[in-house]
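In mature numbering (1 follows the signal peptide of the UniProt record, and there is no 0), the protein residues as written are -28 to -1, 1 to 399.
Glycine included, C-beta positions come from ideal geometry on N, C-alpha and C.
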Amino acid sequence: MHTLNQGALRLFPLSCIALCLLSTPVWAQGFIEDSHATLTLRNYYMDRDYKDDGVKTAAREWAQGFIANMESGFTEGTVGFGLDVRGLLGVKLDSSPDRSGTELLPVNSDKQAADEYSRLAFTGKLRFSQTTLKTGDVSIFLPFAFASPSRLLPQTFRGTTVSSKEIDGLTFNTGYIDAINKRDSTNYQAMTIASPNGRFKGSAETSHLAYGGGDYQVNKNLSVRAYHVEVADLYKQSTLALLHDLPLGDGVLTTDLRSFFSDEAGSAKAGKVDNINASALLGYRLGGHRLSVGYMHSSGDTATPYISGTELMGMSEMTMSSDFLNAKERTWQAIYDYDFTAVGVVGLKGRLRYVRGDNIELASLNADDRKEREFQMELGYVIQSGPLKNLGLLARKSIYRNDFPAGAAFRDENQTRFLAIYTLPIW
């Protein structure tokens, strides 16, 4: 199942131009000398063991991913040009129709996972002073659309982004995106709104999204963030955040305040959008210990919207079994992190996390005042020396339960993930 996607085809002429430019040694100096390439190997096992009365009892798959990133430098001169190439390959190691659907692998109409899937994409780039423009296959790691690393291959987007650091302490970002390449897909497709539990009309597509905003480092302990995005004919969303570190005693008190304000946009093809999501996460870090407690409150008539295939950088980011972004939901969480470097075991880290949501409204299922909870455990280790130096090993486990009606998107489950990651420098 091989695909040279549309983005690659659109940027193929650009790669030809770049090769012509490189025939001149002066142009080639920065382009080649500052280039580098890496190959990342991701071995991923995922097991969703459902504990409710649904027909499907498990989603369980094992796959191997290969991610090649080749990034050029910039040609010399006031305006520098460059070209990046990304190649991705996913290979099935174990799956079957009765337990496919983990999103590690594409699945066809008879629920059979593909033996392999791949894509090749190009990104043209331009640099002027402290401003960089990229066009083609681009990544987004912004509050309203976080390209989650929680599956085998990363999702990417097709569009143009600009990142500027012309003002000291300020990183300004803006962009125009017209398609997404999801993590278990080989081609670009129109973006839609995430709609678990029928929150919105999930089949409604947008022609593009446009965004602008930035992060400002006020001082070494305080940063603020503000962004606005409009997803054409679906919704618009503004986000504000404040991150602060305060030395207190022998440790550091951390404050993380985030908010999202969402309404429908244009013709509102996905239906009504009316939501304010606000959260506060307070933590205290002392030695290898860090204890955090937080609260998130969702108000308005609908759930919090986000782009299908991505995550929202809110308080529930990187949960495993639910997004905790339902309408009216009130969410509490407690997190305990420990870095074993404090006791001499460099590279070993652990996490315990408990998240509980209540007052949930599921309008499409005629249910309200529902509850959900997730207990999460993680243990990760990066080998520090020897022939396997920098090999990362991660084990994640979640136990999730809710009192949602039958047919809900989030099901009672025990979920297990094992991940091995190794990045090799090519040059």
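Identify whether residue i lies in helix, strand or coil by the three-state DSSP scheme.
i	result
G243	coil
T132	strand
L360	coil
G108	strand
Q348	strand
F3	helix
A314	helix
L337	helix
R123	coil
D70	helix
G(-22)	The predicted position of G(-22) is uncertain, since its pLDDT is 43 and thus under 50; no value can be drawn from it.
L284	coil
T369	Note that residue 369 is Lys in the sequence shown here, rather than Thr. Reduced to three states, the DSSP call for K369 is strand.
F118	strand
A35	strand
K28	coil
G255	strand
I355	coil
Y267	strand
At what residues does the beta strand (DSSP E) containing residue i begin and finish?
i	result
F46	Premise fails: F46 is in no beta strand (DSSP E) and is neither H nor E.
P219	207 to 220
D295	Per DSSP, D295 belongs to no beta strand (DSSP E) and is neither H nor E.
K321	320 to 334
Q305	302 to 311
D66	51 to 66
T227	223 to 236
Q102	No beta strand (DSSP E) contains Q102, which DSSP labels as neither H nor E.
M290	That residue, M290, is in no beta strand (DSSP E); it is neither H nor E in DSSP.
E385	385 to 397
D375	Neither: D375 is in no beta strand (DSSP E) and is coded neither H nor E.
V203	194 to 203
T12	8 to 22
G259	Neither: G259 is in no beta strand (DSSP E) and is coded neither H nor E.
Within 10 Å of its beta-carbon, does residue i have 16 or more other beta-carbons around it, so buried, or fewer, so exposed?
i	result
Q102	exposed
N169	buried
T74	buried
Y199	buried
L360	exposed
V57	buried
K97	buried
S(-6)	Residue placement at S(-6) is poorly supported in this model, since its pLDDT is 48, which falls under 50; the coordinates still yield a value, given next. Exposed, by the Cβ-count rule.
Q387	buried
residue 401	In the structure displayed, the chain extends from -28 to 399; residue 401 sits before or after that span and is not available.
Q348	buried
D140	exposed
E333	buried
L284	buried
residue 424	There is simply no residue 424 to check, as the chain begins at -28 and stops at 399 in what is shown.
L206	buried
Y148	exposed
V245	buried
Do you know offhand how far residue i's Cα is from residue j's?
i	j	result
G221	S288	29 Å
S167	Q1	49 Å
F233	T211	6 Å
L77	A30	15 Å
A250	W399	45 Å
S90	Y278	26 Å
G49	Y394	36 Å
G26	R383	9 Å
S135	L337	42 Å
R325	L254	14 Å
D109	S231	29 Å
T(-26)	L61	Residue confidence is low: T(-26) scores 40 on pLDDT, short of 50, so the model does not pin down where it sits. No coordinate-derived value is stated.
residue 420	K83	Examination of residue 420 is not possible in this model, given that the chain is present from -28 through 399 alone.
D156	G281	9 Å
L258	F94	44 Å
V190	L214	10 Å
L351	L391	11 Å
G329	A380	15 Å
K64	A85	8 Å
G316	R323	18 Å
A176	R99	36 Å
R71	M18	11 Å
I355	S7	27 Å
A162	T178	6 Å
K300	T274	8 Å
R389	R123	10 Å
Length at least 3, wholly inside the stretch 76 to 100: the beta strand (DSSP E) runs in chain order: 88 to 100
Ordered list of beta strand (DSSP E) runs contained in the stretch 127 to 191, each at least 3 residues: 128 to 136, 142 to 153, 181 to 191
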